[in-house]
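A.B. asks: Those protein sequences? They're chains A and B, same order as listed.
The first sequence begins at 1 in our numbering and counts up one residue at a time.
The second sequence begins at 236 in our numbering and counts up one residue at a time.
C-beta: ideal position from N, C-alpha, C; glycine also.
Got a structure for you, written out below as structure tokens; questions coming shortly.
There are 2 protein chains.
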Amino acid sequence: MEASTATGRPPIADVLREAIRQGLLEPGQPLIQTAIAEAMGVSRIPVREALYTLAAEGVVTFGDDGGARVTSLSPAEVDELWTLRALVEAEMAPGVVRNATERDVAELRALVEAMDDLDPATWSERNYALHLELYRLSGLRHFADTAERVLNLIEPYSRVVVTVLHEQTEAQAEHHQMVEAIEARDADALAGLLRHHSHRARQALLEYATERERTAEPRETTQAAARALAQRLGA
Amino acid sequence: MEASTATGRPPIADVLREAIRQGLLEPGQPLIQTAIAEAMGVSRIPVREALYTLAAEGVVTFGDDGGARVTSLSPAEVDELWTLRALVEAEMAPGVVRNATERDVAELRALVEAMDDLDPATWSERNYALHLELYRLSGLRHFADTAERVLNLIEPYSRVVVTVLHEQTEAQAEHHQMVEAIEARDADALAGLLRHHSHRARQALLEYATERERTAEPRETTQAAARALAQRLGA
DNA sequence: TTGCAATTCAGTGTATACACTGTATGCTCA
DNA sequence: TGAGCATACAGTGTATACACTGAATTGCAA
Numbered sequence: 001m002e003a004s005t006a007t008g009r010p011p012i013a014d015v016l017r018e019a020i021r022q023g024l025l026e027p028g029q030p031l032i033q034t035a036i037a038e039a040m041g042v043s044r045i046p047v048r049e050a051l052y053t054l055a056a057e058g059v060v061t062f063g064d065d066g067g068a069r070v071t072s073l074s075p076a077e078v079d080e081l082w083t084l085r086a087l088v089e090a091e092m093a094p095g096v097v098r099n100a101t102e103r104d105v106a107e108l109r110a111l112v113e114a115m116d117d118l119d120p121a122t123w124s125e126r127n128y129a130l131h132l133e134l135y136r137l138s139g140l141r142h143f144a145d146t147a148e149r150v151l152n153l154i155e156p157y158s159r160v161v162v163t164v165l166h167e168q169t170e171a172q173a174e175h176h177q178m179v180e181a182i183e184a185r186d187a188d189a190l191a192g193l194l195r196h197h198s199h200r201a202r203q204a205l206l207e208y209a210t211e212r213e214r215t216a217e218p219r220e221t222t223q224a225a226a227r228a229l230a231q232r233l234g235a
Numbered sequence: 236m237e238a239s240t241a242t243g244r245p246p247i248a249d250v251l252r253e254a255i256r257q258g259l260l261e262p263g264q265p266l267i268q269t270a271i272a273e274a275m276g277v278s279r280i281p282v283r284e285a286l287y288t289l290a291a292e293g294v295v296t297f298g299d300d301g302g303a304r305v306t307s308l309s310p311a312e313v314d315e316l317w318t319l320r321a322l323v324e325a326e327m328a329p330g331v332v333r334n335a336t337e338r339d340v341a342e343l344r345a346l347v348e349a350m351d352d353l354d355p356a357t358w359s360e361r362n363y364a365l366h367l368e369l370y371r372l373s374g375l376r377h378f379a380d381t382a383e384r385v386l387n388l389i390e391p392y393s394r395v396v397v398t399v400l401h402e403q404t405e406a407q408a409e410h411h412q413m414v415e416a417i418e419a420r421d422a423d424a425l426a427g428l429l430r431h432h433s434h435r436a437r438q439a440l441l442e443y444a445t446e447r448e449r450t451a452e453p454r455e456t457t458q459a460a461a462r463a464l465a466q467r468l469g470a
């Protein structure tokens, strides 16, 4: 996708996309045009255009009231997106293996090695960049676009996996193996690794979700609301 | 995707998307904001927003000069998209088989039967609607979004297949088989049919492309330009 | 006639201004 | 006190207006 190149210029969409992907803007958070415009030092017009772009990409959702919010995904949707990601990524493997030059392989290896002992936040960023690079290498523009879109949608949710579960170590091990597979020109191995990569992260996220379900107070939203209401009435 | 629902209201994007998908606006054709605005009876602002939406969907491309055009795909890209379509569609099969009620099956059958002897243009429209319906039934929103996006991109190119090659008959036969598979709750069969469906169309398109390459006058564009120039000079 | 410069023009990018909608606030009246 | 109504406000949707850019066109000089 390469962001601004394909869709049109305004970097505003890029800034917002980044902020959403990195979790600086949380899912469900309202995106007020005037506020964004002011913060960015532009009028509402380019902001609106950015919001429409992001809405088409799925990371922003317009509600019935016309207001835009950061897209909020259900666990089922996140799960679905992980499946989609695995499917599309795996299919790109032959292209990657075919197109990667020795130089590319060396750069990938350097990239992966530089990730070995990073804090979760930085690692997540590098991880994102690494996968985009793989997409690029595949030479399949539309597969790459699709995968990038999916990645942007998942990111705010998958960071949890890294931070909480120290998934990072396992993922790194797989990254190293991927580089080996590419160097060995073994497309099937790479595809398998990519599939497994997603599958494991997906499992981890599911476990985390159910764990959280059990641990955290159940029926959080409605019960909390009820409690708040009761408190207000009581006060 | 359900078009306007997800992205935000302006029906302008829907109108343009339809026009592009149906080939009323040809690939490569410039989309002049003022012209569209005037034709639609609105100002340029909502037109711009629509263009940004469509650019993010891929059906419109902004050039370096800032101008928007109907996206033009290379044969390789079309081929890639057919592969992607097959991949995503097949993965939706289990969902379709699981969710389709008896009523859904009956409606699908009616839909397919009503397509049996239609002119290519109408058939293409129904075909599009039919596949969207399958996506909807799968219950997989993001797979459905992705597949719809791909469909929108391919449509202007795949119509050729139907019109020129009488592919329609084969496709119809497969549609009937798909309904049977759904009724029999055979997800694997449905997945196979969907894969084959795309695969055959893709093959037909490839053959058509190479055929055209051989048949049509080579270097069409430059030669036509040369002829036009010659004619002008002669007059 | 040809080459070049100045000018016009077509088209886009964005700011400002105004209209509309839903919601919250506060006021009145029973 | 509480229900109902009017007003104010926050936010969005869109039209108009102006600035900018690159390309075509014209006019001029050699």
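Can you find the residues in the same chain that come closer than 7 Å, C-beta to C-beta, to residue 245/B, ignoring five residues on each side of it along the sequence?
C.D. replies: Any answer about residue 245/B is weak, because its pLDDT of 42 lies below 50 and its placement is not dependable; what the coordinates show is given next. Around residue 245/B: 281, 284, 285.
A.B. asks: Where are the alpha helix (DSSP H) runs, 4 residues long or more, that stay fully inside the region 285-358 of chain B, in chain order?
C.D. replies: Runs found: 310-334, 337-348.
A.B. asks: I'd like to know whether the C-beta of residue 56/A is nearer than 7 Å to at least one C-beta of chain B.
C.D. replies: Yes, its Cβ sits closer than 7 Å to a Cβ of chain B.
A.B. asks: What is the DSSP secondary structure of residue 25/A, counted as helix, strand or coil?
C.D. replies: Correct three-state label for residue 25/A: coil.
A.B. asks: Looking only at its own chain, which residues have a Cβ that is under 8 Å from the Cβ of residue 196/A, when we skip the five neighbours before and after it?
C.D. replies: Taken in chain order, the residues that qualify are 174.
A.B. asks: What separation, rounded to the nearest whole angstrom, lies between the Cα atoms of residue 163/A and residue 120/A?
C.D. replies: Taking the straight line from one Cα to the other gives about 6 Å.
A.B. asks: 7 Å is my cut-off, CB to CB: does residue 142/A come that close to chain B?
C.D. replies: Closer than 7 Å: yes.
A.B. asks: Answer with yes or no whether the minimum CB distance from residue 253/B to chain A is below 7 Å.
C.D. replies: By this cut-off, residue 253/B is not an interface position.
A.B. asks: Is there a Cβ of chain A sitting closer than 7 Å to that of residue 287/B, yes or no?
C.D. replies: Output row for residue 287/B: interface = yes.
A.B. asks: Which same chain residues end up closer than 6 Å to residue 238/B when comparing Cβ atoms and leaving out the 5 residues on each side of it in sequence?
C.D. replies: In this prediction, residue 238/B has a pLDDT of 36, which is less than 50 and means its spatial position is unreliable; what the coordinates show is noted afterwards. Within the same chain, residue 238/B has close Cβ partners 249.
A.B. asks: Starting from residue 381/B, find everything on chain A with Cβ-Cβ shorter than 9 Å and list it in chain order.
C.D. replies: Within 9 Å Cβ-Cβ: 84, 88, 146, 149, 150.
A.B. asks: Per the DSSP calculation, residue 31/A is bridged to which residue(s)?
C.D. replies: Residue 31/A pairs with 68/A.
A.B. asks: What's the gap between the Cα of residue 67/A and the Cα of residue 387/B?
C.D. replies: Cα to Cα, residue 67/A sits roughly 27 Å from residue 387/B.
A.B. asks: Checking contacts by CB at 7 Å: is residue 174/A closer than that to chain B?
C.D. replies: No, residue 174/A does not count as interfacial toward chain B.
A.B. asks: Using a cut-off of 7 Å between C-beta atoms, extract the partners of residue 283/B located in chain A.
C.D. replies: Chain A residues near residue 283/B: 49.
A.B. asks: Going by other Cβ atoms of all chains shown within 10 Å of its Cβ, with 16 needed for buried, is residue 145/A buried or exposed?
C.D. replies: Looking at its Cβ environment, which holds 16 or more other Cβ atoms inside 10 Å, residue 145/A is buried.
A.B. asks: The alpha helix (DSSP H) spanning residue 410/B covers which residue range?
C.D. replies: Segment 403-418, the alpha helix (DSSP H) holding residue 410/B.
A.B. asks: Where does residue 467/B land, buried or exposed, given buried means 16+ other C-beta within 10 angstroms?
C.D. replies: In this prediction, residue 467/B has a pLDDT of 36, which is less than 50 and means its spatial position is unreliable; what the coordinates show is noted afterwards. Result: exposed.
A.B. asks: Which one of 337/B, 350/B, 422/B has the shortest CA to CA distance from residue 411/B?
C.D. replies: Answer by Cα proximity: 350/B.
A.B. asks: With 7 Å set as the bound, which would you pick, yes or no: does the beta-carbon of residue 446/B sit closer than that to a beta-carbon of chain A?
C.D. replies: No, because no Cβ of chain A sits closer than 7 Å to the Cβ of residue 446/B.
A.B. asks: Where does residue 421/B sit, in a helix, a strand or coil, going by DSSP?
C.D. replies: Looking at residue 421/B - three-state DSSP - the assignment turns out to be coil, as it is neither helix nor strand.
A.B. asks: Taking just the CA atoms, how far does residue 61/A sit from residue 276/B?
C.D. replies: Those two C-alpha atoms are separated by around 27 Å.
A.B. asks: Closer than 6 Å by C-beta to residue 95/A: which residues in its own chain qualify, once you throw out the five before and the five after it? Chain order, please.
C.D. replies: Same-chain partners within the cutoff: 138, 139, 140.
A.B. asks: Quick check on the burial criterion: 16 or more other C-beta atoms within 10 angstroms. Buried or exposed for residue 58/A?
C.D. replies: Buried, because 16 or more other Cβ atoms sit within 10 Å of the Cβ of residue 58/A.
A.B. asks: Comparing C-alpha positions only, which one of 260/B, 312/B, 377/B sits nearest to residue 78/A?
C.D. replies: When only C-alpha atoms are compared, the closest one is 377/B.
A.B. asks: Quick one: Cα of residue 476/B to Cα of residue 39/A, how far?
C.D. replies: There is simply no residue 476/B to check, as chain B begins at 236 and stops at 470 in what is shown.
A.B. asks: Residues of chain B with CB closer than 7 Å to the CB of residue 167/A, please, in chain order.
C.D. replies: None at all; the shortest Cβ gap to chain B is about 22 Å.
A.B. asks: For residue 41/A, which three-state DSSP category applies?
C.D. replies: Here residue 41/A sits in coil by DSSP.
A.B. asks: With a cut-off of 7 Å, does the C-beta of residue 440/B fall near any C-beta of chain A?
C.D. replies: Not closer than 7 Å to any Cβ of chain A, the Cβ of residue 440/B fails to qualify, so no.
A.B. asks: For the region 90-121 of chain A, enumerate the residues whose C-beta is nearer than 9 Å to any C-beta of chain B, in chain order.
C.D. replies: Of all residues in the region 90-121 of chain A, 91 have a Cβ within less than 9 Å of some Cβ in chain B.
A.B. asks: Apply the 10 Å Cβ neighbour rule to residue 236/A and answer buried if 16 or more other Cβ atoms are within range, or exposed otherwise.
C.D. replies: As shown, chain A starts at 1 and ends at 235. That puts residue 236/A outside it, with no answer to give.
A.B. asks: What in chain A is Cβ-close to residue 390/B, meaning under 8 Å?
C.D. replies: Simply none; closest approach about 14 Å.
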